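Chains as they are written, first to last, in the working numbering: chain A, 1 to 268; chain B, 1 to 268; chain C, 1 to 268.
We put the beta carbon where it would ideally sit given N, CA and C, even for glycine.
Predicted model, so just to flag it, every value in this text is computed and none were measured.
Everything below concerns the one structure shown next.
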């Protein structure tokens, strides 16, 4: 797998087709997720009312579901949207924010997992909690565990789902249960900006809308987003300017930068 | 109509009076709408609970209603707020985000339209869908049609409402059903930042609070906002820095820039 | 009280411990509150569903409650969260946004006040309205009264609560009902950026999580936030760049800057 070449191809495809990505996301991430989608060339829509959520999936090219600021009223919308996406064969991405923190989140996430998302993206503690494979330790919505600790959980979860799982952290890991890709793009300052993981989940929806092979889509999204963060960190003076520069960088990614900048190592 | 001179006059009036603008807006636009209102010199308030929405209209100088992230619980608040504004003779602005996308939106928007907003602001596809005059084609919340295609719909809708309709796009169009003003301020990069249309709707509320002639208010708001976006694009390196610079530009607009920078052509 | 020295000590403590701060905050402030917490070194979580709010308080180090975009569904969550924090002896901060504007807000705020928050932070009009000590005049969510006008109300409220009250404005005032500290950090342009008061409330939660003396915690948070805003204003070209630079400044605060930059005068 030539991740850099594939990433450039898929980025061009997003810019050409401008896929419509529907997001049922959290109240903190609304702004960053929509802006990241626009920056990369997709068309975002935040639609979550149960009265319209299924109808909207029929026109969307991909769906993302994020439980960051969960409330009971939205759970039925998540359920209906995921089922509709499955019925129509459209990709959908699950972001299990803070799943290890409360029993309400664990219950909702378990139900959504049973609907077999195309891609699950979380931090190490979230993926470990979801897989139930090892003891999860979570500090609120932040991870206290490393990608390496989550590897067995991620592979197990991917095999159960017969789909792709992404663990983001200092090193990112993408697996379909057999193959594993490690990505070392990104920058530590990204952890000091809220909702960037959620924004990556939205961008993953955009790439999955134009590439049906979920391992390739997830790898590309994670690598491109990390690269943009890394470029942004070169000029940032702190988390405020990093956030701004990341949106500029996502929008401005060119072929030379993508081909030379992505550091992804397939293995296994 | 000297749009540039009128715009400077009304901008000064907003800065002097700091009108209180109440917004029932969507979850993506909360931040940008509030910041745009503060940048232009108004006082924003996001108040939507049915328990207080009518009481708040009594102290507000203008109201804006935006259906971007519609949910059933907010519809009654929109209804009550619009009726209260009408009863008190206060201006209210409707932003029919994505109205063409689902039947839930069409139904809610039709009801709000029947309450005769002072100004309606949308993109071409939204205005065409609202007028029911031609076939609307909408991609999620983004328009796939041009301002020119929406002109007949906008004029028809304005005549029905006996009020003002704004169509924003590469060229903006403002009409009261008889007169038409075309504005060519703005910059293409603005379409890569989320919620700028919604922020313009909020700013339109601020101008309408200090100018009762709705065509003049809508023209001024649209021209000033486009000019600020254009100034921001001169230094922006992408959508992230454009968004930041737009708030700076709205705040810093001076007489020379407004008088020389606005490009608005009345016709009809 | 050496406010500058104490502020540096507590800032270091936050960076070292990364306290988990749970926020039930408003829809406008979600983004800025989370980013301010991350910038200062804390770990934010926005958790408000009644199904999980109490369970989350058990793992959080502090709680903040903000009524900015109040809705009936969230009031029970606020009640449950505040009671849980009290039972577990965890600090909680109340931000009574716009309390003077509607009877719904007055009723909810009065109930929350009866649960005795560790710290209350508001603008002059809000504190006057809460104390019921003088006539409150509020323009939406913005204050029309000065810190000096609110001093008697703040002291009275602090004595009733046997806790700490903060009034922010051109001069900030922090009091426990006996002692009064005045802080003159900050910059007028900060009033042109939305939700900065709410972000300060979140940061106050982070400091209160590592310092049990509420007067010291509130003074430190207010001084550090004002200092960061002041540093940001040195390079800002308007409210957009101020907001970005403030997050950079919070993240970058160093010992020399804190020790030399804080202007706080204890009295009384």
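Do the stretch 75–90 of chain A and the stretch 241–249 of chain A meet, that is, are 3 or more Cβ pairs less than 8 Å apart? no
Using a cut-off of 9 Å between C-beta atoms, extract the partners of residue 59 of chain C located in chain A. Counted from its first residue, the third chain places residue 59 of chain C at position 59. Ordered by position in chain A, the residues that pass the 9 Å Cβ test against residue 59 of chain C are 101, 102, 138, 139 and 140.
Here's the rule I'm using: 16 or more other beta-carbon atoms within 10 Å means buried, otherwise exposed. How should residue 149 of chain A be labelled? Position 149 of the first chain holds residue 149 of chain A. Label assigned to residue 149 of chain A: buried.
From the DSSP output, in three-state form, read off residue 173 of chain B for me. On the second chain, residue 173 of chain B is found 173 positions in, with the first residue counted as 1. Strand at residue 173 of chain B.
Start-to-end residues for the beta strand (DSSP E) that takes in residue 95 of chain C: To locate residue 95 of chain C, count along the third chain from 1; it is residue 95. Its beta strand (DSSP E) spans residues 92–95.
Any chain C beta carbon closer than 8 Å to residue 269 of chain B: The requested residue 269 of chain B is not part of the displayed model; chain B covers only 1 to 268.
Using a Cβ-Cβ distance under 8 Å, would residue 172 of chain C count as near chain A? Locating residue 172 of chain C in the third chain gives position 172, counting from the first residue. It does not: the Cβ of residue 172 of chain C has no partner Cβ on chain A nearer than 8 Å.
Return the residues of the stretch 183–196 of chain A that lie within a Cβ-Cβ distance of less than 9 Å from chain C, sorted by chain order. 189, 191, 192, 193, 194 and 195
Looking at the secondary structure, which residues open and close the alpha helix (DSSP H) in which residue 15 of chain A lies? Counting from one through the first chain, the residue named residue 15 of chain A turns up at place 15. Segment 3–17, the alpha helix (DSSP H) holding residue 15 of chain A.
For residue 272 of chain A, go through chain B and note every residue whose CB falls closer than 9 Å to its CB, in chain order. Coverage of chain A is limited to positions 1 through 268, which leaves residue 272 of chain A absent and any answer about it impossible.
Cα-Cα, which of C:16, C:218, C:71 and C:77 is closest to residue 52 of chain C? The residue given as residue 52 of chain C occupies position 52 in the third chain. Ranking C:16, C:218, C:71 and C:77 by Cα distance to residue 52 of chain C puts C:77 first.
Just to confirm before moving on: does the CB-CB distance between residue 223 of chain C and residue 21 of chain C stay below 8 Å? The residue given as residue 223 of chain C occupies position 223 in the third chain. The residue given as residue 21 of chain C occupies position 21 in the third chain. No, Cβ-Cβ distance for residue 223 of chain C and residue 21 of chain C is not below 8 Å.
Across which residues does DSSP place residue 266 of chain C in a beta bridge pair? In the third chain, the residue the question calls residue 266 of chain C occupies position 266. The partner list for residue 266 of chain C (beta bridge, DSSP) reads C:181.
Residue nearest to residue 47 of chain B in terms of C-alpha spacing, selected from B:144, B:57 and B:95: On the second chain, position 47 is the one that residue 47 of chain B refers to. The option with the nearest alpha carbon to residue 47 of chain B is B:57.
List, in order along the chain, the chain A residues whose C-beta lies closer than 9 Å to that of residue 238 of chain B? Counted from its first residue, the second chain places residue 238 of chain B at position 238. Under the 9 Å cutoff, chain A gives 39, 244, 245, 247, 248, 249, 250, 251 and 252.
Please list, in chain order, the chain A residues whose beta carbon lies closer than 9 Å to that of residue 55 of chain C. Locating residue 55 of chain C in the third chain gives position 55, counting from the first residue. Near residue 55 of chain C (Cβ distances below 9 Å), the residues of chain A are 101, 102, 103 and 104.
What's the gap between the Cα of residue 164 of chain C and the Cα of residue 215 of chain C? Mapped onto the third chain, residue 164 of chain C falls at position 164. Mapped onto the third chain, residue 215 of chain C falls at position 215. If you take the alpha carbons of residue 164 of chain C and residue 215 of chain C, they lie about 6 Å apart.
C-beta neighbour in chain B for residue 98 of chain C, strict 8 Å: Locating residue 98 of chain C in the third chain gives position 98, where the first residue counts as 1. Yes, residue 98 of chain C counts as interfacial toward chain B.
Alpha-carbon spacing of residue 33 of chain C relative to residue 255 of chain A, whole angstroms: As a first step, residue 33 of chain C must be located in the third chain, where it is residue number 33. As a first step, residue 255 of chain A must be located in the first chain, where it is residue number 255. Their backbone Cα atoms lie some 37 Å apart in a straight line.
Hey, how far is the Cα of residue 30 of chain C from the Cα of residue 28 of chain A? By one-based count along the third chain, residue 30 of chain C stands at place 30. By one-based count along the first chain, residue 28 of chain A stands at place 28. Their backbone Cα atoms lie some 5 Å apart in a straight line.
For residue 161 of chain C, the first and last residue of its enclosing alpha helix (DSSP H): Against the third chain, residue 161 of chain C aligns to sequence position 161. Residues 147–161.
Which ranges does the beta strand (DSSP E) cover as unbroken runs of at least 3 residues, wholly within the stretch 78–134 of chain C, from first to last along the chain? 92–95 and 119–123
By how many angstroms is the C-alpha of residue 240 of chain A removed from the C-alpha of residue 263 of chain A? Sequence index remark: in the first chain, residue 263 of chain A carries index 263 (1-based). Sequence index remark: in the first chain, residue 240 of chain A carries index 240 (1-based). So the two alpha carbons sit approximately 25 Å from each other.
DSSP beta-bridge partners for residue 20 of chain A? Locating residue 20 of chain A in the first chain gives position 20, counting from the first residue. Paired residue(s): A:43.
Is any beta-carbon of chain C found at less than 8 Å from that of residue 125 of chain A? Looking up residue 125 of chain A in the first chain gives position 125. No, no contact with chain C.
Own chain residues within Cβ distance below 6 Å of residue 236 of chain B, not counting five before or after: Within the second chain, the letter at position 236 stands for residue 236 of chain B. The answer, listed in chain order, is 242 and 245.
Evaluate residue 138 of chain C with the Cβ neighbour count: other Cβ atoms within 10 Å of its Cβ, from every protein chain shown; 16 or more gives buried, anything less gives exposed. Indexing the third chain from 1 puts residue 138 of chain C at position 138. Flag for residue 138 of chain C reads buried.
Distance, Cα to Cα, residue 99 of chain B vs residue 231 of chain B? Working through the second chain from its first residue, we reach residue 99 of chain B at position 99. Working through the second chain from its first residue, we reach residue 231 of chain B at position 231. Distance between the alpha carbons of residue 99 of chain B and residue 231 of chain B: 31 Å.
Does the Cβ of residue 145 of chain A have 16 or more other Cβ atoms within 10 Å, making it buried, or fewer, making it exposed? The count along the first chain starts at 1 and reaches residue 145 of chain A at position 145. The residue in question, residue 145 of chain A, is buried, as its Cβ has 16 or more Cβ neighbours within 10 Å.
With the cut-off set at 8 Å, would you say residue 266 of chain C and residue 179 of chain C are in Cβ contact? In the third chain, counting from the first residue as 1, residue 266 of chain C sits at position 266. In the third chain, counting from the first residue as 1, residue 179 of chain C sits at position 179. Contact flag set, yes.
I want to know whether the stretch 194–201 of chain C touches the stretch 89–108 of chain C - three or more CB-CB distances under 8 Å. yes
Are the beta-carbon atoms belonging to residue 23 of chain C and residue 69 of chain C less than 8 Å from one another? As a position in the third chain, residue 23 of chain C is number 23, starting the count at 1. As a position in the third chain, residue 69 of chain C is number 69, starting the count at 1. The answer is no: Cβ separation not under 8 Å.
Are residue 158 of chain B and residue 172 of chain B touching if we call contact CB-CB under 8 Å? Translated into the one-based positions of the second chain, residue 158 of chain B becomes position 158. Translated into the one-based positions of the second chain, residue 172 of chain B becomes position 172. The answer is no: Cβ separation not under 8 Å.
Beta-carbon separation of residue 124 of chain A and residue 167 of chain A under 8 Å? Within the first chain, the letter at position 124 stands for residue 124 of chain A. Within the first chain, the letter at position 167 stands for residue 167 of chain A. Yes, the Cβ-Cβ distance between residue 124 of chain A and residue 167 of chain A is below 8 Å.
Any alpha helix (DSSP H) of 4 or more consecutive residues that is wholly inside the stretch 198–261 of chain C: 214–235, 239–252 and 255–261
Say whether chain C places a C-beta atom closer than 8 Å to the C-beta of residue 31 of chain B. Taking the second chain and counting its residues from 1, the one referred to as residue 31 of chain B is at position 31. Closer than 8 Å to some Cβ of chain C, the Cβ of residue 31 of chain B qualifies, so yes.
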